[in-house]
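Chemist:
Protein chains: 2
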Amino acid sequence: MAKIVVLGAGMVGRAMAMDLAHKHQVTVADISEENLKRLLGKPDIITRKADLSKKANIQELIKDCELVVNAVPGFMGYKTTEAVIEMGKNIVDISFFPENGLELEQLAKEKGVIAVIDCGVAPGMGNVILGHHNAVMEVESYECYVGGLPFCRTLPFQYKAPFSPIDVIEEYIRPARYVRNKQIITIPALTEPELMDFAEVGTLQAFNTDGLRSLLFTMDIPDMIEKTMRYPGHIDYMKMLRAGGFFSEEEIEVKGKLIKPIDLTAQLLIDKWKLGETEPEFTVMRIKVCGMEQGEKVCWQYDLFDRYDKVTGISSMARTTGYSATSAVELVLNGDYNRVGISPPEFIGAVPGCLEKMLAYQKERGVIYHISRSL
Amino acid sequence: MAKIVVLGAGMVGRAMAMDLAHKHQVTVADISEENLKRLLGKPDIITRKADLSKKANIQELIKDCELVVNAVPGFMGYKTTEAVIEMGKNIVDISFFPENGLELEQLAKEKGVIAVIDCGVAPGMGNVILGHHNAVMEVESYECYVGGLPFCRTLPFQYKAPFSPIDVIEEYIRPARYVRNKQIITIPALTEPELMDFAEVGTLQAFNTDGLRSLLFTMDIPDMIEKTMRYPGHIDYMKMLRAGGFFSEEEIEVKGKLIKPIDLTAQLLIDKWKLGETEPEFTVMRIKVCGMEQGEKVCWQYDLFDRYDKVTGISSMARTTGYSATSAVELVLNGDYNRVGISPPEFIGAVPGCLEKMLAYQKERGVIYHISRSL
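As they're listed, the protein sequences go chains A and B. For the first sequence, this note's numbering gives the first residue as 2, with consecutive numbering after it. For the second sequence, this note's numbering gives the first residue as 2, with consecutive numbering after it.
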């Protein structure tokens, strides 16, 4: 039983707090009373209203705890992480901040802090899996296909998400960085569509997005890609919007007012893409790691298909992201993972036994990776 | 040789002025010097800069002429037409104003004016053709399929036009009014897509738009439709934009600024849909009039396929619209059509010989309708 502070009581933050509270003493902080209210009636969880953009507030909140879970929005994630490390507290972060976390390596070392970043499902579990195999075989290629989608497919978009449209659009704009033939290359997003069949939902369409993040720099593997999946047809419309200028970040004048088209687009899509509180959705992920293992050419495949949990009302997005992070929390608390410094999840995977423990932890919660090995 | 004033020196106005100047004394007026400049070097045409939103300017311009051709933008067309009728001048109008022209019937009668409105290609020639057959047979159905498109098909829109995107979007929003089983019904625009093959350009996609205008009220025919044609795929994107709210005329707040999504959309598409000055485009139209003629069930079909004229630099849009109007001008000047009052083009068609003369006039200019009759 440890004292843990969860920063951020959004959908994933709440799911993690409830999970950790089964065993630990958990405090959750958020500026939104709305978010905190949803944790009422969970007697094991202490809620604290706090403005987490202020370093002093964070440091006051966490001063007595053993570990911090960072689930604030991405734009404030780096500063929050820095504030936690300054206090010498171990941290597991799923804020997915855009800055380079490795810049905090020096600080984390000085403070003796174990800081795991990007520790969700993707990025997150893909990194752990690749880190695991990379330590014991000569990996030649890594592929990660991932998507979070509603079961209900409403045209024209066939898409809904529990987060802001602007974050999704960002993925559709930002060029994808891949490794091909040992070179980092850059390809426009939404390109190279391919159809893939899944037993649970039929055919999905995968396409290029920029998702490799730390793997681009920590791994020395000839070929690495990550692709996002949507229902077929979705990206045609997104390409149209992009080609039509609707994703443009340059201000244009419209009837005398300066406006960025992307801001209007995001505003319009807030309603259209809003995932209902209890709307069934799923997470699908397929990871393939191929290479030479003990003289044999092998491919390891990990398949995840996880659904919204009707009983708890917890979305699959929150389950798969949140339990990846809480499984890493256990590793840190138990001393199974103890590298001081900033750790992207592939570092955890490289430690013998860690992947297995994370998978077992998640399996207990119904998040199940099916593993197959082929020659 | 008559004195004619053409109001508006846009693309169609200029084409009509040049056509009429072969035989008549033509004055063209416009507020845009840019537009008027393009008529320099045509010694038979007098150009006059004038603000045509002012009635006094119009009436001064036209006081000595025999006939006026109205080619101002639609939003000012009704007032211009009224000003011309007040002066007792005959008029052929292709401004396609949204108001109900028949409200000027009383004024036109008082002033003894022959006023032909909506006299382009569509509306225009379709009405003339239907009026013609309706006078001599029992018409059971009327179909008009029409499109103006660039030869060059660039994704995602595969569309360009010499007029403002907002006018096109209007067609995609406004519900289509049709006659089915003698009832006027209303159907959303962009619906009931059908593929049609054309020898010159392959497959096009026709869909519902509101184009019957006066025919809804002047004709007593059980079934009447008009459909617009685009390259296949175009309307899927347009439906997506409509469903996504991008055509909405309701203001929304975007980063503190109130804005109508349609205004931003139209602004973005101005560049994307801009037809280049010398960019080859075509007009395609297929009209079918079916019914009982002399005891037989027959269908008359009119096929038009007209191209941009490289030699003169006159677009097909201007040729087909403009020469429809100038062929009606000849009928009025020659006394072939002399009904005092407001005449939609179907009234002209009903007068024996008029359709034939209009077709012959246009044929001389290379705008050729292929006519077939089937049992």
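From the three backbone atoms N, C-alpha and C, an ideal C-beta is built for every residue, glycine too. Just so you know, these numbers come straight off a predicted model, no measurement behind them.
Please report the residue range of the beta strand (DSSP E) in which B/D304 lies.
Modeler: Numbered from its first residue, the second sequence carries residue 304 of chain B at position 303. Unbroken beta strand (DSSP E) run through B/D304: 297-308.
Chemist: Which residues share a DSSP beta bridge with A/M286?
Modeler: The residue given as residue 286 of chain A occupies position 285 in the first sequence. Note: A/M286 sits in a beta bridge opposite A/V147, A/L305.
Chemist: Should A/D304 be listed as close to the ligand GDP, given that the test is whether its C-beta is under 7 Å from any heavy atom?
Modeler: The ligand GDP is not part of the structure shown, which contains no ligands of any sort.
Chemist: Do B/L108 and B/E141 count as a contact pair if the criterion is CB distance below 8 Å?
Modeler: Stepping through the second sequence from its first residue, residue 141 of chain B is reached at position 140. Stepping through the second sequence from its first residue, residue 108 of chain B is reached at position 107. Contact: no.
Chemist: Give the DSSP bridge partners of A/V312, in chain order.
Modeler: The count along the first sequence starts at 1 and reaches residue 312 of chain A at position 311. Bridge partners of A/V312: none, in fact.
Chemist: So, is the C-beta of B/Q107 closer than 8 Å to a C-beta in chain A?
Modeler: Within the second sequence, residue 107 of chain B is the residue found at index 106, counting from 1. No, its Cβ sits nowhere closer than 8 Å to a Cβ of chain A.
Chemist: At which residues does the beta strand (DSSP E) containing A/D237 begin and terminate?
Modeler: As a working note, residue 237 of chain A is residue 236 in the first sequence. Counting along the chain, A/D237 falls outside any beta strand (DSSP E), though it belongs to the alpha helix (DSSP H) covering 235-244.
Chemist: Roughly how many whole angstroms lie between the Cα atoms of A/E297 and A/K289?
Modeler: As a working mapping, residue 297 of chain A is identified with position 296 in the first sequence. As a working mapping, residue 289 of chain A is identified with position 288 in the first sequence. In a straight line, the C-alpha of A/E297 is about 16 Å away from that of A/K289.
Chemist: Against B/I170, what residues of chain A qualify as contacts under a CB-to-CB distance less than 7 Å, listed in chain order?
Modeler: Mapped onto the second sequence, residue 170 of chain B falls at position 169. By Cβ distance, chain A contributes nothing, its closest Cβ being about 12 Å from B/I170, past 7 Å.
Chemist: When you compare only the Cα positions, how much space is there between A/L269 and B/R320?
Modeler: What you label residue 269 of chain A is simply residue 268 of the first sequence in a count that begins at 1. What you label residue 320 of chain B is simply residue 319 of the second sequence in a count that begins at 1. Answer to the nearest angstrom: the Cα atoms are 40 Å apart.
Chemist: Below 8 Å between beta carbons is the criterion; list the residues of the stretch 204-216 of chain A that meet it against any residue of chain B, in chain order.
Modeler: Residues: none.
Chemist: Taking only the alpha-carbon atoms, compute the straight-line gap between B/I369 and B/F306 and give it to the nearest angstrom.
Modeler: Counted from its first residue, the second sequence places residue 369 of chain B at position 368. Counted from its first residue, the second sequence places residue 306 of chain B at position 305. Computed Cα separation, rounded: 7 Å.
Chemist: Can you list the residues of chain B that A/L150 reaches, using a CB-CB cut of under 9 Å?
Modeler: Taking the first sequence and counting its residues from 1, one reaches residue 150 of chain A at position 149. Those within 9 Å of A/L150 in chain B number zero; the least Cβ separation is about 18 Å.
Chemist: Return helix, strand or coil for B/E280, following the three-state DSSP convention.
Modeler: The residue labelled residue 280 of chain B in the question sits at position 279 within the second sequence. If DSSP states are grouped into helix, strand and coil, B/E280 belongs with coil.
Chemist: Could you spell out the range, first to last residue, of the alpha helix (DSSP H) harbouring B/I271?
Modeler: By one-based count along the second sequence, residue 271 of chain B stands at place 270. B/I271 -> alpha helix (DSSP H) spans 262-273.
Chemist: As a quick exercise: from A/M230, A/P281, A/T48, pick the residue whose alpha carbon is nearest that of A/N36.
Modeler: On the first sequence, residue 36 of chain A is found 35 positions in, with the first residue counted as 1. With distances taken between Cα atoms, A/N36 lies closest to A/T48.
Chemist: Can you tell which of A/M286, A/E251, A/L131, A/G212 has its C-alpha closest to the C-alpha of A/D221?
Modeler: One-based indexing of the first sequence puts residue 221 of chain A at position 220. Nearest of A/M286, A/E251, A/L131, A/G212 to A/D221, Cα basis: A/L131.
Chemist: Do you know whose CA, among A/K90, A/D119, A/V114, lies nearest A/S397's CA?
Modeler: Outside the shown range of chain A, which is 2 to 376, sits residue 397 of chain A, and nothing can be said about it.
Chemist: Compare the C-beta of B/D119 with all C-beta atoms of chain A and state if any pair is closer than 8 Å.
Modeler: For this step, residue 119 of chain B is matched to residue 118 along the second sequence. Taking Cβ atoms only, chain A never reaches closer than 8 Å to B/D119, which makes this a no.
Chemist: With a Cβ-Cβ cutoff of 8 Å, do A/N58 and A/P346 count as a contact?
Modeler: If you number the first sequence from 1, residue 58 of chain A lands on position 57. If you number the first sequence from 1, residue 346 of chain A lands on position 345. Taking 8 Å as the Cβ cut-off, A/N58 and A/P346 do not qualify as a contacting pair.
Chemist: Note down, in chain order, all residues in the stretch 213-244 of chain A with a beta-carbon under 7 Å from any beta-carbon belonging to chain B.
Modeler: Hits within the stretch, in order: Y238, K240, M241, A244.
Chemist: Using 8 Å as the threshold, is the C-beta distance between A/H25 and A/L356 below it?
Modeler: Walking along the first sequence from the start, residue 25 of chain A turns up at place 24. Walking along the first sequence from the start, residue 356 of chain A turns up at place 355. Cβ atoms of A/H25 and A/L356: not closer than 8 Å.
Chemist: Run through the DSSP bridge pairs and tell me what B/S373 is partnered with.
Modeler: For the purposes of this step, residue 373 of chain B is taken as residue 372 along the second sequence, with counting starting at 1. For B/S373, which the question treats as bridged, DSSP gives the partners B/Q302.
Chemist: For my contact list, B/A16 and B/I46 are in at a C-beta cut-off of 8 Å; report their separation, rounded to the angstrom.
Modeler: Translated into the one-based positions of the second sequence, residue 16 of chain B becomes position 15. Translated into the one-based positions of the second sequence, residue 46 of chain B becomes position 45. Actually they do not touch by this definition, with Cβ atoms about 12 Å apart.
Chemist: Here's the rule I'm using: 16 or more other beta-carbon atoms within 10 Å means buried, otherwise exposed. How should B/L376 be labelled?
Modeler: Counted from its first residue, the second sequence places residue 376 of chain B at position 375. Under this definition B/L376 is an exposed residue.
Chemist: So that I know if they touch, is there some Cβ in chain B lying closer than 8 Å to that of A/G42?
Modeler: The count along the first sequence starts at 1 and reaches residue 42 of chain A at position 41. For A/G42, the answer is no, since every Cβ of chain B falls outside 8 Å of its Cβ.
Chemist: Does the CB of B/V255 have a neighbour CB from chain A at under 8 Å?
Modeler: Taking the second sequence and counting its residues from 1, one reaches residue 255 of chain B at position 254. Chain A contact via Cβ: present.
Chemist: May I ask you to list, following chain order, the residues of the stretch 258-282 of chain B that have a beta carbon less than 9 Å from some beta carbon of chain A?
Modeler: Cβ contacts with chain A come from K258, L259, I260, K261, P262, D264, L265, T266, A267, Q268, L269, L270, D272, K273.
Chemist: At a CB distance below 8 Å, what residues from the stretch 138-165 of chain A approach chain B? Give them in sequence order.
Modeler: Listed by position, the residues of the stretch 138-165 of chain A near chain B (Cβ gap below 8 Å) are L156, P157, F158.
Chemist: Which same chain residues, not among the five before or five after A/P233, have their C-beta less than 8 Å away from its C-beta?
Modeler: Counting from one through the first sequence, the residue named residue 233 of chain A turns up at place 232. Counting only Cβ-Cβ distances below 8 Å, and skipping sequence neighbours, we find L196, T204, L205, Q206.
Chemist: By the 10 Å Cβ neighbour count, where 16 or more other Cβ atoms means buried, how is B/G245 classified, buried or exposed?
Modeler: Mapped onto the second sequence, residue 245 of chain B falls at position 244. B/G245 comes out buried.
Chemist: Would you mind giving the Cβ-Cβ distance between A/K275 and A/K161, rounded to the nearest angstrom? I have them listed as a contact below 8 Å.
Modeler: Mapped onto the first sequence, residue 275 of chain A falls at position 274. Mapped onto the first sequence, residue 161 of chain A falls at position 160. Contact holds; Cβ gap of about 7 Å.
Chemist: Check whether the Cβ of B/K247 lies closer than 8 Å to any Cβ atom in chain A.
Modeler: If you number the second sequence from 1, residue 247 of chain B lands on position 246. Residue identity differs from the one stated: residue 247 of chain B is Phe in this sequence, not Lys. Interface residue, yes.
Chemist: In whole angstroms, what is the alpha-carbon distance linking A/R366 and A/G121?
Modeler: Against the first sequence, residue 366 of chain A aligns to sequence position 365. Against the first sequence, residue 121 of chain A aligns to sequence position 120. Between A/R366 and A/G121, the C-alpha separation is close to 15 Å.
Chemist: Hey, how far is the Cα of A/A326 from the Cα of A/Y238?
Modeler: Within the first sequence, the letter at position 325 stands for residue 326 of chain A. Within the first sequence, the letter at position 237 stands for residue 238 of chain A. Cα to Cα, A/A326 sits roughly 34 Å from A/Y238.
Chemist: Are the beta-carbon atoms belonging to B/Y173 and B/R287 less than 8 Å from one another?
Modeler: Taking the second sequence and counting its residues from 1, the one referred to as residue 173 of chain B is at position 172. Taking the second sequence and counting its residues from 1, the one referred to as residue 287 of chain B is at position 286. No, they are not a contact pair.
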